[in-house]
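Everything on this sheet refers to the single structure shown next.
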Amino acid sequence: MKRMRAILAISLALAVSGCTVVDLDASGNPIMPKDPHAKPGYSNQTPQQIAEASWQSRVLDVAQQHAMSWADMETKSSTVKAGGSESVFVRASGTVAALDESNSRERILTLTLNGKPVRVSIGPVMRSNALRDAAGFRFEEFTNQVQYAQLTRALNRHAVQQLPKVDASWVGKPVQALLAVEMGHGTVNDVMAVELKSGEAP
């Protein structure tokens, strides 16, 4: 018994000597250092809160730095593996060829870009992961697949809220667009509007 107590005493002493001093907050609770391997604090935020809080830093700033031209996007799509997909931001100037409002929930704006018609989703419902993936959000940052999927819908809803009111008066006019595009191998799968501005580029 004495031997066991001695071993326990030595173990306790070693444990105490190896401890580091931890600062306390105003309530006297220890302030724990941030775990470098921890996931971001998205678990305590709703998808809508994440979309709103990260819109500037993770969507607009990323688009500003990495958006490519429509022609460059088409070239890049040829490098996508067959059966795979990749999403990018694209800045494009074109002309509005048509506005399809036959489905009032999923309206489509057809833009003529580089002489080709391109169907662009403008909402209010947009069924695409292109924005989330182009912005670089990764599954590993979230609690589970459900939260990750809900973020897609929240980001798309937030994008729609930023768009101007698009009506028939836009048809035939020039437009400046920031788009989120999902590419397949040599193809364009989904295109959704992130920003739209009627008129020529300044």
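Read left to right, the sequence shown gives residues -21 to -1, 1 to 181 (mature numbering (1 follows the signal peptide of the UniProt record, and there is no 0)). Virtual Cβ for every residue (Gly too), placed ideally from N, Cα, C. Remember, predicted model here, so these are calculated numbers, not experimental data.
Simplified DSSP state of residue i, which is helix, strand or coil
{"i": "glutamine 140", "result": "helix"}
{"i": "methionine 105", "result": "coil"}
{"i": "alanine 71", "result": "strand"}
{"i": "aspartate 79", "result": "strand"}
{"i": "arginine 132", "result": "helix"}
{"i": "arginine 86", "result": "strand"}
{"i": "aspartate 14", "result": "At aspartate 14 the pLDDT is 40, less than 50, meaning the model places this residue with poor confidence and gives no usable figure here."}
{"i": "aspartate 4", "result": "Reliability of the predicted coordinates at aspartate 4 is poor, the pLDDT of 47 falling under 50, and the value obtained from them is presented with this limitation in mind. Three-state DSSP puts aspartate 4 in coil, outside helix and strand."}
Alpha carbon of residue i to alpha carbon of residue j, nearest angstrom
{"i": "leucine 158", "j": "glutamine 24", "result": "26 Å"}
{"i": "arginine 136", "j": "arginine 37", "result": "16 Å"}
{"i": "asparagine 168", "j": "glycine 62", "result": "12 Å"}
{"i": "glutamate 120", "j": "tryptophan 49", "result": "30 Å"}
{"i": "aspartate 40", "j": "serine 33", "result": "10 Å"}
{"i": "valine 170", "j": "serine 83", "result": "18 Å"}
Among the options, nearest to residue i - alpha-carbon criterion
{"i": "phenylalanine 116", "options": "Ile101, Ala133, Val104", "result": "Ala133"}
{"i": "alanine 147", "options": "Thr89, Ala156, Ala114, His45", "result": "Thr89"}
{"i": "asparagine 108", "options": "Ala32, Ala42, Met162, Thr122", "result": "Met162"}
{"i": "methionine 47", "options": "Ile29, Ala30, Ser72, Gly62", "result": "Ser72"}
{"i": "glutamine 43", "options": "Ile87, Ala50, Glu174", "result": "Glu174"}
{"i": "threonine 91", "options": "Thr122, Thr74, Val145", "result": "Thr74"}
{"i": "alanine 76", "options": "Leu110, Ser83, Ile87", "result": "Ile87"}
{"i": "lysine 55", "options": "Met171, Val160, Ala172, Lys176", "result": "Val160"}
One or two residues paired with residue i in a DSSP bridge
{"i": "leucine 175", "result": "Ala156"}
{"i": "methionine 162", "result": "Glu65, Val167"}
{"i": "threonine 91", "result": "Thr74, Pro96"}
{"i": "methionine 52", "result": "Paired residues: none, contrary to the question."}
Any non-hydrogen atom of the ligand MG closer than 6 Å to residue i Cβ
{"i": "glutamate 85", "result": "Because no ligand of any kind appears in the structure shown, any question about the ligand MG cannot be addressed here."}
Beta carbon proximity, residue i to chain D, threshold 7 Å
{"i": "alanine 113", "result": "In the displayed structure, chain D is absent; only one protein chain is listed."}
Checklist entry - Between the region 137 to 152 and the region 61 to 68, are three or more C-beta pairs nearer than 8 Å? => result no
Next on the checklist: Quick test of the definition: if touching needs 3 or more C-beta pairs under 8 Å, does the region 95 to 108 touch the region 136 to 145?
Outcome noted: yes
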